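Q:
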Amino acid sequence: MSSHNESWGSRVGLVLAMAGNAVGLGNFLRFPVQAIQNGGGSFIIPYLVCFFLMGIPLLFIEWSMGRFGGRHGHHSTPFILDSMSKFAFWKYIGVFGIFTNLAVAAYYCYLESWALGYVWHSLTGVFGGQTSDQVSQFFGDYTSLSSVQPIIFWAICLILNTWILSRGLSGGVEKVAKVGMPLLILFGIILAIRGISLKAGNDGAIFDGTEGLNFLWTPNFDTIWSGKVWLAAAGQIFFTLSVGMGSIQCYASYMRSRDDIALNAMSAGWMNEFVEVVLGGAIVIPITVGYFGIDGMTELVNKAGGLGLGFRTLPYLFQQWGPIIAVFAGVMWFGLLFFAGITSSLAMGTPIMGFMRDEFGWRREQAAWLFGALVFLLGLPTVVFFNYGVFDEYDYWAGTVSLVVFALFETILFAWVFGVNRGWKEITLGADIKVPIAFKFIIKFITPLILIAIFVFSLPSIIDTINNTAIHKQLMDSTISEATIAELNKTILLRNIARFALLGMWIGIAVLVAVAYRKRQREGRFTTTA
Amino acid sequence: MNTTALIMFLGSVITVTAFTVYFFYKVLTTPPSAKEEDDQPIPPVKSFDVS
Numbered sequence: 001m002s003s004h005n006e007s008w009g010s011r012v013g014l015v016l017a018m019a020g021n022a023v024g025l026g027n028f029l030r031f032p033v034q035a036i037q038n039g040g041g042s043f044i045i046p047y048l049v050c051f052f053l054m055g056i057p058l059l060f061i062e063w064s065m066g067r068f069g070g071r072h073g074h075h076s077t078p079f080i081l082d083s084m085s086k087f088a089f090w091k092y093i094g095v096f097g098i099f100t101n102l103a104v105a106a107y108y109c110y111l112e113s114w115a116l117g118y119v120w121h122s123l124t125g126v127f128g129g130q131t132s133d134q135v136s137q138f139f140g141d142y143t144s145l146s147s148v149q150p151i152i153f154w155a156i157c158l159i160l161n162t163w164i165l166s167r168g169l170s171g172g173v174e175k176v177a178k179v180g181m182p183l184l185i186l187f188g189i190i191l192a193i194r195g196i197s198l199k200a201g202n203d204g205a206i207f208d209g210t211e212g213l214n215f216l217w218t219p220n221f222d223t224i225w226s227g228k229v230w231l232a233a234a235g236q237i238f239f240t241l242s243v244g245m246g247s248i249q250c251y252a253s254y255m256r257s258r259d260d261i262a263l264n265a266m267s268a269g270w271m272n273e274f275v276e277v278v279l280g281g282a283i284v285i286p287i288t289v290g291y292f293g294i295d296g297m298t299e300l301v302n303k304a305g306g307l308g309l310g311f312r313t314l315p316y317l318f319q320q321w322g323p324i325i326a327v328f329a330g331v332m333w334f335g336l337l338f339f340a341g342i343t344s345s346l347a348m349g350t351p352i353m354g355f356m357r358d359e360f361g362w363r364r365e366q367a368a369w370l371f372g373a374l375v376f377l378l379g380l381p382t383v384v385f386f387n388y389g390v391f392d393e394y395d396y397w398a399g400t401v402s403l404v405v406f407a408l409f410e411t412i413l414f415a416w417v418f419g420v421n422r423g424w425k426e427i428t429l430g431a432d433i434k435v436p437i438a439f440k441f442i443i444k445f446i447t448p449l450i451l452i453a454i455f456v457f458s459l460p461s462i463i464d465t466i467n468n469t470a471i472h473k474q475l476m477d478s479t480i481s482e483a484t485i486a487e488l489n490k491t492i493l494l495r496n497i498a499r500f501a502l503l504g505m506w507i508g509i510a511v512l513v514a515v516a517y518r519k520r521q522r523e524g525r526f527t528t529t530a
Numbered sequence: 531m532n533t534t535a536l537i538m539f540l541g542s543v544i545t546v547t548a549f550t551v552y553f554f555y556k557v558l559t560t561p562p563s564a565k566e567e568d569d570q571p572i573p574p575v576k577s578f579d580v581s
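Listed in order, the protein sequences are those of chains A and B. The letter at position 431 of the first sequence is residue 431 when you use this note's numbering, and the numbering goes up by one with no holes. So the number in this note's numbering is just where the residue sits in the second sequence, counting from 1, plus 530.
As structure tokens, then:
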């Protein structure tokens with residue numbers, strides 16, 4: 001039971017909100033690029049294997065941890081984890097479940113605001129008559145803050161997130177999910193059909209849209225034996241499902257104690273896969289290949305990644321469809337990116353709100369404004385120093401490393417400390433589908449092993465990042481100018497400051513957890529039920 | 531599209547779409563069962579001003 005009257009209004013709302021939490025910009029911008037770079041059509045094999053062996057188990061684990069914690073009045077991971085073991089340090093592992101959401105939201109809301117801004121630019125015909133270079137340069141100018149517009153849209157986004165969160169789950173988050181997710185899927189289907197049906201010679205296209213599909217889905221079965229490809233597949237499953245963040249536990253903590261987990265989790269998980277595999281793979285690549293060919297698309301991806309394709313390339317390509325359709329296409333494309341973003345950022349706001357309400361009795365509105373203020377303060381460096389890699393630094397530590405670390409710990413807690421037998425009872429309690437017993441074995445042995453493998457294989461990259469190896473390599477180039485050296489040194493300084501800021505944030509949250517624990521002890525509010 | 535790409539594409543799309551539709555259809559059509567609240571006592575919680 002909760003100490004405040006927050007709950008989901010409907011089962012469909014919960015599932016759509018959970019799916020919205022998972023569906024993000026990466027479904028449309030990261031997956032297709034990962035697939036192309038890791039074997040094309042054969043990527044789907046390690047991808048789906050990792051979904052079954054890691055993705056679904058982690059969904060089961062996080063949903064059931066959340067519902068378990070919610071039953072005992074805990075709506076954020078520090079005390080959800082604490083309630084599952086008598087060892088005190090687990091609540092500090094739970095700090096990741098608040099830290100990661102805040103740190104990711106700090107830069108994610110900025111991304112989301114780009115999508116919102118580009119909806120406006122599409123509506124107002126900003127890209128009409130522009131060349132490919134001009135459209136690309138527009139994005140460069142935008143992120144370099146050549147005007148105040150990015151800040152305005154960012155502020156609008158933050159206020160919107162804060163206001164929706166202040167309306168609560170059923171009054172705010174669920175309503176956005178019930179409108180945003182169906183629209184996102186509808187826009188995605190329309191754009192996918194448009195992309196796949198492109199014909200060479202029509203609307204300026206040089207190649208058929210199916211050429212891009214052909215390139216994306218032609219399998220290179222040799223890559224199935226590559227560890228790098230399996231690591232990429234596991235990573236993509238990880239990031240696409242938003243596991244390891246703490247937001248799923250938070251959402252699930254507002255369920256009733258015997259509400260189904262198994263069917264809900266499967267529905268939300270597969271909905272994410274539909275958006276990623278079916279829609280995400282059918283928009284950016286077919287459209288880009290239709291106009292630039294495979295070599296041109298590959299060059300663009302290598303230069304600017306999926307984000308570049310989405311913001312630098314597609315607005316130009318939409319113009320080839322005529323001024324009216326370009327507006328619709330731009331609004332739909334950036335509209336779906338915005339819906340994907342906001343349904344995720346709203347989920348990121350709920351853990352800190354749950355924590356402040358549970359532990360310090362804050363009102364919902366106060367807690368929502370706290371989230372907005374924190375995201376603004378923490379996000380400002382990523383906005384102002386975007387071109388110095390502060391954004392990338394947040395993304396790496398919070399959006400990559402932190403997820404893997406937390407997921408590994410929570411899996412060990414669930415399967416080995418809390419115990420897989422108790423865990424299995426939680427998963428199957430109230431289930432509306434029969435969960436295959438094989439998942440019990442997978443959760444206990446396979447999922448932790450995969451997570452350990454991901455972490456171990458990521459260690460060289462972590463060490464390189466700590467040492468700023470890539471930048472130091474550039475500095476060793478004797479041909480670079482003094483100005484470039486100064487810029488690179490400034491980049492190192494700002495990145496290191498960002499790291500300390502993130503570390504400070506983690507420590508700050510841990511201190512809050514310690515204060516909350518002392519408060520619980522004084523008030524006789526026991527936490528562990530283990 | 532070449533045959534292998536078409537097989538991979540259609541196989542993946544049909545599989546993912548089928549699972550998605552199946553589970554969401556079940557969510558929509560499974561009637562809410564009368565699930566009694568857990569008998570486990572909830573630990574004492576100090577009441578806050580929770581407007």
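Yeah, the Cβ is synthetic: ideal placement off N, Cα and C, and Gly gets one too. Because the structure is a prediction, the values reported are computed rather than measured.
Closest to residue 320 (chain A) by CA distance: which of A:335, A:19, A:206 is it?
A: Against the first sequence, residue 320 (chain A) aligns to sequence position 320. Comparing Cα-Cα distances from residue 320 (chain A) to each of A:335, A:19, A:206, the minimum goes to A:206.
Q: From which residue to which residue does the alpha helix (DSSP H) around residue 141 (chain A) run?
A: Here residue 141 (chain A) refers to the residue found at position 141 when the first sequence is read from its first residue. Here the alpha helix (DSSP H) through residue 141 (chain A) covers 132-143.
Q: Going by beta carbon distance, what residues of the same chain come within less than 8 Å of residue 568 (chain B), once the five residues before and after it are set aside?
A: By 1-based counting over the second sequence, the position of residue 568 (chain B) is 38. Bear in mind that a pLDDT of 47 at residue 568 (chain B), under 50, signals an unreliable position, so the model cannot answer this.
Q: Along chain B, in chain order, which residues have C-beta atoms closer than 7 Å to that of residue 219 (chain A)?
A: Your numbering for residue 219 (chain A) matches position 219 in the first sequence. Going along chain B in sequence order, the residues near residue 219 (chain A) (Cβ under 7 Å) are 534, 538.
Q: Using DSSP with H/G/I as helix, E/B as strand and the rest coil, what is residue 246 (chain A)?
A: Numbered from 1 along the first sequence, position 246 holds the residue referred to as residue 246 (chain A). Three-state DSSP puts residue 246 (chain A) in coil, outside helix and strand.
Q: Does the CB of residue 20 (chain A) have a neighbour CB from chain B at under 8 Å?
A: For the purposes of this step, residue 20 (chain A) is taken as the residue at position 20 of the first sequence. Chain B contact via Cβ: absent.
Q: Pick out whichever of A:496, A:492, A:455 has its Cα sitting closest to the Cα of residue 232 (chain A).
A: As a position in the first sequence, residue 232 (chain A) is number 232, starting the count at 1. Cα-wise, what sits closest to residue 232 (chain A) is A:455.
Q: From residue 310 (chain A) to residue 284 (chain A), what does the alpha carbon distance come to, in whole angstroms?
A: Against the first sequence, residue 310 (chain A) aligns to sequence position 310. Against the first sequence, residue 284 (chain A) aligns to sequence position 284. When rounded, the distance between both Cα atoms is 7 Å.
Q: For chain B, is any of its Cβ atoms less than 8 Å away from the one on residue 298 (chain A)?
A: Here residue 298 (chain A) corresponds to residue number 298 of the first sequence, with the count starting at 1. Chain B, which has no Cβ nearer than 8 Å to the Cβ of residue 298 (chain A), makes this no.
Q: For the segment 544-557 of chain B, enumerate the residues whose C-beta is nearer than 7 Å to any C-beta of chain A, in chain order.
A: Listed by position, the residues of the segment 544-557 of chain B near chain A (Cβ gap below 7 Å) are 546, 547, 549, 550, 553, 554, 556, 557.
Q: Skipping 5 residues on each side, what residues in its chain have a beta carbon closer than 6 Å to that of residue 432 (chain A)?
A: Translated into positions along the first sequence, residue 432 (chain A) becomes position 432. The residues are 260, 263.
Q: Find the residues of chain B that neighbour residue 210 (chain A), judging by a C-beta separation of less than 8 Å, and give them in chain order.
A: As a first step, residue 210 (chain A) must be located in the first sequence, where it is residue number 210. Per Cβ cutoff of 8 Å: 531.
Q: Less than 8 Å between the C-beta atoms of residue 96 (chain A) and residue 405 (chain A), yes or no?
A: Locating residue 96 (chain A) in the first sequence gives position 96, counting from the first residue. Locating residue 405 (chain A) in the first sequence gives position 405, counting from the first residue. Cβ distance < 8 Å, so residue 96 (chain A) and residue 405 (chain A) count as in contact.
Q: Is residue 416 (chain A) buried or exposed, if buried means 16 or more other CB atoms sit within 10 Å of its CB?
A: To locate residue 416 (chain A), count along the first sequence from 1; it is residue 416. Looking at its Cβ environment, which holds fewer than 16 other Cβ atoms inside 10 Å, residue 416 (chain A) is exposed.
Q: Please return the same chain residues whose Cβ sits closer than 7 Å to the Cβ of residue 468 (chain A), not counting the five positions on each side in sequence.
A: Within the first sequence, the letter at position 468 stands for residue 468 (chain A). Cβ neighbours of residue 468 (chain A) beyond the five flanking positions: 492, 495.
Q: By the DSSP assignment, the alpha helix (DSSP H) with residue 348 (chain A) in it spans what residues?
A: Here residue 348 (chain A) refers to the residue found at position 348 when the first sequence is read from its first residue. First-last of the alpha helix (DSSP H) with residue 348 (chain A): 323-360.
Q: State the Cα-Cα distance for the pair residue 254 (chain A) and residue 318 (chain A), rounded to the nearest angstrom.
A: Residue numbering aside, residue 254 (chain A) sits at position 254 when the first sequence is read from its first letter. Residue numbering aside, residue 318 (chain A) sits at position 318 when the first sequence is read from its first letter. For residue 254 (chain A) and residue 318 (chain A), the distance between alpha carbons rounds to 42 Å.
Q: Roughly how many angstroms separate the alpha carbons of residue 581 (chain B) and residue 247 (chain A), rounded to a whole number?
A: Indexing the second sequence from 1 puts residue 581 (chain B) at position 51. Indexing the first sequence from 1 puts residue 247 (chain A) at position 247. Confidence in residue 581 (chain B) is poor, its pLDDT being 31 and thus under 50, which makes the residue's placement unreliable; the coordinate value appears in the next sentence. Approximately 23 Å, taken between the alpha carbons.
Q: Measure from the C-beta of residue 41 (chain A) to each C-beta in chain B and report whether the shortest distance is under 8 Å.
A: The sequence position of residue 41 (chain A) within the first sequence is 41, counting from 1. Taking Cβ atoms only, chain B reaches closer than 8 Å to residue 41 (chain A), which makes this a yes.
Q: If you measure beta-carbon to beta-carbon, which residues of the segment 265-279 of chain A are closer than 8 Å to chain B?
A: Those residues of the segment 265-279 of chain A that come within reach of chain B (Cβ to Cβ, closer than 8 Å) are 266, 267, 270, 271, 273, 274, 277, 278.
Q: Under DSSP, the alpha helix (DSSP H) around residue 171 (chain A) begins and ends at which residues?
A: Position 171 of the first sequence, counting from 1, holds the residue named residue 171 (chain A). Careful: residue 171 (chain A) lies outside any alpha helix (DSSP H) and carries neither H nor E.
Q: Can you check DSSP and say which residues form a bridge with residue 40 (chain A)?
A: Taking the first sequence and counting its residues from 1, one reaches residue 40 (chain A) at position 40. In the DSSP output, where bridge partners are listed per residue, residue 40 (chain A) has A:219.
Q: What is the DSSP secondary structure of residue 367 (chain A), counted as helix, strand or coil?
A: By 1-based counting over the first sequence, the position of residue 367 (chain A) is 367. Reduced to three states, the DSSP call for residue 367 (chain A) is helix.
Q: 8 Å is my cut-off, CB to CB: does residue 559 (chain B) come that close to chain A?
A: As a working mapping, residue 559 (chain B) is identified with position 29 in the second sequence. It does not: the Cβ of residue 559 (chain B) has no partner Cβ on chain A nearer than 8 Å.
Q: Given that residue 378 (chain A) touches chain B, what residues does it touch there, using C-beta distances under 8 Å?
A: Stepping through the first sequence from its first residue, residue 378 (chain A) is reached at position 378. Those do not exist, as residue 378 (chain A) stays about 27 Å from chain B at its closest Cβ, beyond 8 Å.
Q: Reducing DSSP to helix, strand and coil, say where residue 75 (chain A) ends up.
A: On the first sequence, position 75 is the one that residue 75 (chain A) refers to. Reduced to three states, the DSSP call for residue 75 (chain A) is coil.
Q: Considering only their Cβ atoms, is the gap separating residue 102 (chain A) from residue 157 (chain A) smaller than 8 Å?
A: In the first sequence, residue 157 (chain A) corresponds to position 157, counting from 1. In the first sequence, residue 102 (chain A) corresponds to position 102, counting from 1. Against a cut-off of 8 Å, the Cβ pair of residue 102 (chain A) and residue 157 (chain A) comes out as no contact.
Q: Run down chain B in chain order and give the residues with a C-beta less than 8 Å from the C-beta of residue 15 (chain A).
A: Numbered from its first residue, the first sequence carries residue 15 (chain A) at position 15. Those within 8 Å of residue 15 (chain A) in chain B are 554, 557.
Q: Going by C-alpha to C-alpha distance, which of A:487, A:379, A:459 sits closest to residue 472 (chain A)?
A: Here residue 472 (chain A) is taken as the residue at index 472 of the first sequence, counted from 1. If we check each option's Cα against that of residue 472 (chain A), A:487 comes out closest.
Q: Taking only beta carbons into account, state which residues of the segment 46-77 of chain A come closer than 7 Å to chain B, listed in chain order.
A: Listed in sequence order: 71, 72, 73.
Q: Have a look at A:134, A:374, A:53, A:85 and flag the residue whose alpha-carbon is nearest the alpha-carbon of residue 162 (chain A).
A: As a first step, residue 162 (chain A) must be located in the first sequence, where it is residue number 162. Looking at the Cα atoms, A:374 is the closest of the given residues.
Q: How would you call residue 138 (chain A), buried or exposed, if buried means at least 16 neighbouring beta carbons within 10 angstroms?
A: On the first sequence, residue 138 (chain A) is found 138 positions in, with the first residue counted as 1. Buried, since its Cβ has 16 or more Cβ neighbours within 10 Å.
Q: Can you tell me whether residue 189 (chain A) is helix, strand or coil according to DSSP?
A: Counting from 1 along the first sequence, the entry for residue 189 (chain A) is found at position 189. Three-state DSSP puts residue 189 (chain A) in a helix.
Q: Can you give the Cα-Cα distance for residue 536 (chain B) and residue 483 (chain A), rounded to whole angstroms?
A: Residue numbering aside, residue 536 (chain B) sits at position 6 when the second sequence is read from its first letter. Residue numbering aside, residue 483 (chain A) sits at position 483 when the first sequence is read from its first letter. Those two C-alpha atoms are separated by around 51 Å.
Q: Would you kindly work out how many angstroms separate the C-alpha atoms of residue 193 (chain A) and residue 559 (chain B), rounded to a whole number?
A: In the first sequence, counting from the first residue as 1, residue 193 (chain A) sits at position 193. In the second sequence, counting from the first residue as 1, residue 559 (chain B) sits at position 29. In a straight line, the C-alpha of residue 193 (chain A) is about 29 Å away from that of residue 559 (chain B).
Q: My output table needs one value for residue 86 (chain A): the three-state DSSP class, helix, strand or coil.
A: As a first step, residue 86 (chain A) must be located in the first sequence, where it is residue number 86. Correct three-state label for residue 86 (chain A): coil.
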